[in-house]
Amino acid sequence: MGAFVLNRRGFKNPPTDYYSRPYSVAVETLNFRHRTHCIGPKLEMEVYFDYLKNFVSTMERQTLFTFTFVARLTHDIIKYAGFADKPSYELATYLKENAILNRSLLYSSVTMEFGLVIFEEHTLNLETNRNRLTTPYDIHATLLHLLDLERETFYTLHGQSLLTEISPERTCADAMIAKHWCTCQTHKIVSTDDANVRQAALSVVRKLNRLLKPYLKLCAPLKMSKVLDARIVQPSESFGRSSTQGLFNHLDSYS
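Every number in the working numbering is 1 more than the matching position in the sequence shown, counting from 1.
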């Protein structure tokens, strides 16, 4: 699971020198998952953290950048975040004890506060930008800004340092995000009386009943009372999709 491959086509060619995607695909295809969130006897997160530790140690004499996704653990059930404590602590300890942090900058999209912050305005801007439209281009600009904090801000061709406030009115076009990757999708309300909408909702109910079939002694079969809300969720027309493609990918609610 990752931002570039979840419900997306991903990359035609490997985008990096070292790419773990083939391993991930093999794990899914060959059904190496013996338990939820585990690959063999280890948590999936531990496996990828081991890969990360081996990578930075092997490349200790090289200038490098690594981008690691471990999103699956809490994607559907937030309380599973507790399982990440031990692997995350062990990773941070390894990086510190092996002096890797002495020559590296470690950051996370979801992390806890640490250390003493000297630049209060920069800290405030970082907190503000948590709820603004940002991209990896901005992270690149931020890394460059960290090398010269005497500068008021730092811009690259496509990015802006996150140590300066990002405009709340920023659009995908402003941030140089192609339509294919923009998270701003079109929501169009569809009549709940539409025959196709009702058929789609009935299909959902039938699917749920098939899943519940082994438990009929405990669960009564579900029946649809009415559709409460239905919408088309799709990219803008300028992206080249037809007006009906993906029509029933999203049914907000029904009873």
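Glycine included, every Cβ here is placed at the ideal spot set by N, Cα and C. The structure displayed is predicted, hence computed values, not measured ones.
| Asked | Found |
| --- | --- |
| C-beta contact flag for alanine 202 and methionine 177 at 8 Å | no |
| Three or more C-beta pairs below 8 Å linking the segment 132 to 145 and the segment 161 to 173 | yes |
| For arginine 133, the three-state DSSP class (helix, strand or coil) | coil |
| Backbone secondary structure at leucine 229 - three-state DSSP | strand |
| Inter-residue Cα distance where the pair is leucine 217 and tryptophan 182 | 43 Å |
| Minimum C-alpha distance to serine 109 - residue among Arg131, Ile79, Ala221 | Arg131 |
| Collapsed DSSP secondary structure at asparagine 250 in the structure displayed | With a pLDDT of 47 at asparagine 250, under the threshold of 50, the predicted position of this residue should be treated as unreliable, and no value is reported. |
| Cβ pair threonine 187, alanine 231 closer than 8 Å | no |
| Closest Cα partner of valine 234 within the set Ile190, Leu212, Pro222 | Ile190 |
| DSSP state of histidine 188 mapped onto helix, strand, coil | strand |
| Whole-Å CB distance - threonine 165 paired with asparagine 126, under 8 Å assumed | 6 Å |
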